[in-house]
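For reference, the structure is listed below as structure tokens.
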């Protein structure tokens, strides 16, 4: 893999970390009801989850294969459901993603970033 393509995928990885962090920061201190009724916070969080999935689509297959601990396909599928409104997204599922999946994902992405920087 060339230096240019390595640099490029790393930028997408950094974006994923940023988007995940924003989703958590925006929802900090909220319960599910507060989140669902929050309007701008709900929309901003949803958008960052979409962008997280979009950035994941730009991570090369060989990097994804080297990091099977990241649920790449699920992240991308969630992005597709959010962006295209396939069957809508259940608020319980969305809240679970924010409360459970994103906090688990962030340190895994951080580890890849640290590995890529060394």
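Residue numbers (this note's numbering): 179 to 296. Just so you know, even glycine gets a beta-carbon here, dropped at the ideal spot from N, CA and C.
Checklist entry - If we call anything under 8 Å between Cβ atoms a contact, is residue 235 one with residue 248? => result Taking the chain shown and counting its residues from 1, one reaches residue 235 at position 57. Taking the chain shown and counting its residues from 1, one reaches residue 248 at position 70. Cβ atoms of residue 235 and residue 248: not closer than 8 Å.
Next on the checklist: For a minimum of 4 consecutive residues, which ranges assigned as the alpha helix (DSSP H) are wholly contained in the segment 234-283?
Outcome noted: 239-244, 250-262 and 269-274
Item to check | Local Cβ density within 10 Å of residue 251, reported as buried at 16 or more and exposed below that | outcome: For this step, residue 251 is matched to residue 73 along the chain shown. Residue 251 counts as exposed, since fewer than 16 other C-beta atoms from the protein chains shown sit within 10 angstroms of its C-beta.
Checklist entry - What's the C-alpha gap between residue 269 and residue 284? => result Start at 1 with the first residue of the chain shown, and residue 269 comes out as number 91. Start at 1 with the first residue of the chain shown, and residue 284 comes out as number 106. Roughly 21 Å separates the two Cα atoms.
Next on the checklist: Less than 8 Å between the C-beta atoms of residue 281 and residue 230, yes or no?
Outcome noted: Taking the chain shown and counting its residues from 1, the one referred to as residue 281 is at position 103. Taking the chain shown and counting its residues from 1, the one referred to as residue 230 is at position 52. Taking 8 Å as the Cβ cut-off, residue 281 and residue 230 do not qualify as a contacting pair.
Checklist entry - Using the C-alpha atoms, what's the distance from residue 291 back to residue 193? => result If you number the chain shown from 1, residue 193 lands on position 15. If you number the chain shown from 1, residue 291 lands on position 113. Cα-Cα distance, rounded: 11 Å.
Checklist entry - Straight-line CA distance for residue 198 to residue 226? => result Mapped onto the chain shown, residue 198 falls at position 20. Mapped onto the chain shown, residue 226 falls at position 48. Each residue's Cα considered, the two are about 7 Å apart.
Checklist entry - Hey, residue 219 and residue 276: beta-carbon distance below 8 Å or not? => result Numbered from 1 along the chain shown, position 41 holds the residue referred to as residue 219. Numbered from 1 along the chain shown, position 98 holds the residue referred to as residue 276. No, Cβ-Cβ distance for residue 219 and residue 276 is not below 8 Å.
Checklist entry - Under a Cβ-count criterion, where at least 16 other Cβ atoms within 10 Å of its own Cβ denotes burial, should residue 213 be classed as buried or exposed? => result Position 35 of the chain shown holds residue 213. Under this definition residue 213 is a buried residue.
Next on the checklist: Using C-beta distances below 8 Å, list every residue in its chain close to residue 288, excluding the 5 sequence neighbours before and after it, in chain order.
Outcome noted: Locating residue 288 in the chain shown gives position 110, counting from the first residue. If we look at residue 288 and ignore the five residues flanking it on each side, its Cβ neighbours are 195.
Checklist entry - Buried or exposed: which applies to residue 243, given that a residue is buried once 16 or more other Cβ atoms fall within 10 Å of its Cβ? => result As a position in the chain shown, residue 243 is number 65, starting the count at 1. By the neighbour-count definition (other C-beta atoms within 10 Å, threshold 16), residue 243 is an exposed residue.
Next on the checklist: Rounding to the nearest angstrom, what Cα-Cα distance links residue 238 and residue 262 in this structure?
Outcome noted: For the purposes of this step, residue 238 is identified with residue 60 of the chain shown, where counting begins at 1. For the purposes of this step, residue 262 is identified with residue 84 of the chain shown, where counting begins at 1. Spanning the two alpha carbons is a distance of roughly 23 Å.
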